[in-house]
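In the numbering used here, the protein residues as written are -1 to 432.
Built from N, CA and C at the ideal position, the CB exists for glycine as well.
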Ligand code: DLL
């Protein structure tokens, strides 16, 4: 179902003229109210008045995560604190978190976009939405919660963790929609099996999964294990939280980014140049309706491409291809660029291994080493040594064929790799920092 028929199906020229008008207003506002933007525009020799077309956006400087850190905690807010009704923060791997603030209208807009996203995923009033995204500073829990209420569905505010209870509630309350990270959905499936519950027989029909990279192969695995349609949802706290973009259930191919609120660009991460439509690069997003903390040309570090072709669902908002990883997740191993998702897609195509793995990178005698630790299933685990050796050799060869690097493969016991309730930690880089 299309939640907002008028806005989700606007003709391209109307979307673009709306974007330009909203962009110009946002630029005037941040220039007048946020010293950081005034300074960065002046340094780049630009003024809001110079932006006369959407193409002029590329003349503006980028905003980086570091800029948020440098202005910690409230320096990028465009309204006084009295107008901020909610604060979220995302913890980075190092240092202080990045802090974002929402006005009452921002919260309204977010709920609206999440309701749109739920509807695009096939959820509606009457659904029981089991929300296992974490509630707290993380945007996942409350973002999905407000959207589910706006949709008119019955939302169960589970948050993450307490996995056995999650299974009981899902079973007893008749949950029809599951929202959590893709890795947690597999953990739920595994935990259900241990409890003697056949998760495939529950009422779940759709899962709305995001907050971490996942692959097509992982989608197939989740759909098979949980017997539901798995939908990819994208978002980041700096821009909004969940609900920046989502796949529609009709196509399950690419994520519609809500272009009446965001302007996406794809750039070459090295040169910063805007790439032509369809080319892969780093996603840059400008918010054009947010009040609390508008973002101008925010470098997300997420790698994707725009799909300009129209979608069968009738929505006219452009699609983003499934994220293939983050440019700062990219591992350089002996000079070769490797995305964890590439290794994931090799592993998930091999029978006998489970969708739980970890990549350990180290350095021995000045040479980078990569060890792929992957769980095998119970049956394979009890197979003869020869079969396990063959499996190891096959994984090593497929990774070598795909990436051109030799790695060590270690098959580990079922359930020995730590499960996560939120974003999975799949990479352990033990190399000394330069
Ligand atoms: O993860 C917001 C969110 C919550 C999205 C629930 C979807 C569902 P942050 O914690 O700020 O916000 O992390 C944002 O997570 O820049 C991506 O690198 C990654 N990410 C989010 N969604 C996806 C996805 C939330 N569908 C960062 N595919 C982003 C791949 C994703 N990566």
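Enclosing alpha helix (DSSP H) for residue i [first to last residue]
i, result
"residue 15", "10 to 31"
"residue 187", "180 to 192"
"residue 351", "Unbroken run through residue 351 is the beta strand (DSSP E), 351 to 362; no alpha helix (DSSP H)."
"residue 397", "383 to 401"
"residue 286", "No alpha helix (DSSP H) contains residue 286, which DSSP labels as neither H nor E."
"residue 378", "376 to 379"
"residue 217", "214 to 224"
"residue 101", "Counting along the chain, residue 101 falls outside any alpha helix (DSSP H), though it belongs to the beta strand (DSSP E) covering 96 to 101."
"residue 263", "No alpha helix (DSSP H) holds residue 263; the beta strand (DSSP E) holding it covers 260 to 265."
Which of helix, strand or coil DSSP assigns to residue i
i, result
"residue 173", "coil"
"residue 46", "helix"
"residue 420", "coil"
"residue 426", "strand"
"residue 317", "strand"
"residue 344", "helix"
"residue 67", "helix"
"residue 35", "helix"
"residue 247", "coil"
"residue 116", "helix"
"residue 0", "coil"
"residue 371", "strand"
"residue 201", "coil"
"residue 123", "coil"
"residue 157", "coil"
"residue 366", "strand"
"residue 281", "strand"
"residue 310", "coil"
"residue 339", "helix"
"residue 415", "coil"
Status (buried if at least 16 other CB within 10 Å, exposed otherwise) for residue i
i, result
"residue 334", "exposed"
"residue 193", "exposed"
"residue 104", "buried"
"residue 426", "exposed"
"residue 102", "exposed"
"residue 17", "buried"
"residue 154", "buried"
"residue 321", "buried"
"residue 97", "buried"
"residue 239", "buried"
"residue 45", "exposed"
"residue 10", "exposed"
"residue 160", "exposed"
"residue 179", "buried"
"residue 284", "buried"
"residue 294", "buried"
"residue 288", "buried"
"residue 130", "buried"
"residue 158", "buried"
Assumed close pair residue i, residue j - CB separation to whole angstroms, cut-off 8 Å
i, j, result
"residue 314", "residue 7", "5 Å"
"residue 326", "residue 429", "Actually they are not in contact, since the Cβ atoms of residue 326 and residue 429 sit about 15 Å apart, beyond 8 Å."
"residue 263", "residue 242", "Going by Cβ atoms, the distance from residue 263 to residue 242 rounds to 14 Å, so no, they are not a contact pair."
"residue 21", "residue 286", "5 Å"
"residue 204", "residue 175", "5 Å"
"residue 370", "residue 355", "7 Å"
"residue 297", "residue 62", "6 Å"
"residue 156", "residue 169", "Contact doesn't hold; Cβ gap of about 13 Å is too wide."
"residue 228", "residue 207", "6 Å"
"residue 253", "residue 317", "6 Å"
"residue 1", "residue 117", "4 Å"
"residue 299", "residue 357", "19 Å between Cβ atoms; not a contact."
"residue 256", "residue 114", "7 Å"
"residue 209", "residue 421", "6 Å"
The beta strand (DSSP E) enclosing residue i, as first and last residue numbers
i, result
"residue 431", "Note, residue 431: premise wrong, no beta strand (DSSP E); not H, not E."
"residue 228", "227 to 234"
"residue 87", "82 to 88"
"residue 149", "It is not in any beta strand (DSSP E) - residue 149 instead sits in the alpha helix (DSSP H) that spans 137 to 149."
"residue 7", "Neither: residue 7 is in no beta strand (DSSP E) and is coded neither H nor E."
"residue 255", "253 to 255"
"residue 237", "Neither: residue 237 is in no beta strand (DSSP E) and is coded neither H nor E."
"residue 296", "296 to 302"
"residue 408", "406 to 410"
"residue 329", "329 to 331"
Does the region 57 to 75 come close enough to the region 302 to 312 to have 3 or more Cβ pairs within less than 8 Å? Because the criterion of three Cβ pairs below 8 Å is not met, the region 57 to 75 and the region 302 to 312 do not touch.
Is it true that the region 120 to 133 meets the region 80 to 99, where meeting means three or more beta-carbon pairs spaced less than 8 Å apart? With a cut-off of 8 Å, the region 80 to 99 and the region 120 to 133 do not count as touching, because too few Cβ pairs lie within range.
Meets three-Cβ-pair contact criterion under 8 Å: the region 140 to 149 and the region 380 to 387: Flag = no, the region 140 to 149 and the region 380 to 387 do not touch.
Three or more beta-carbon pairs under 8 Å between the region 135 to 142 and the region 261 to 275, yes or no? Short answer: they don't touch.
Should the region 27 to 38 be called in touch with the region 334 to 347, which here means at least 3 C-beta pairs below 8 Å? These segments do not touch.
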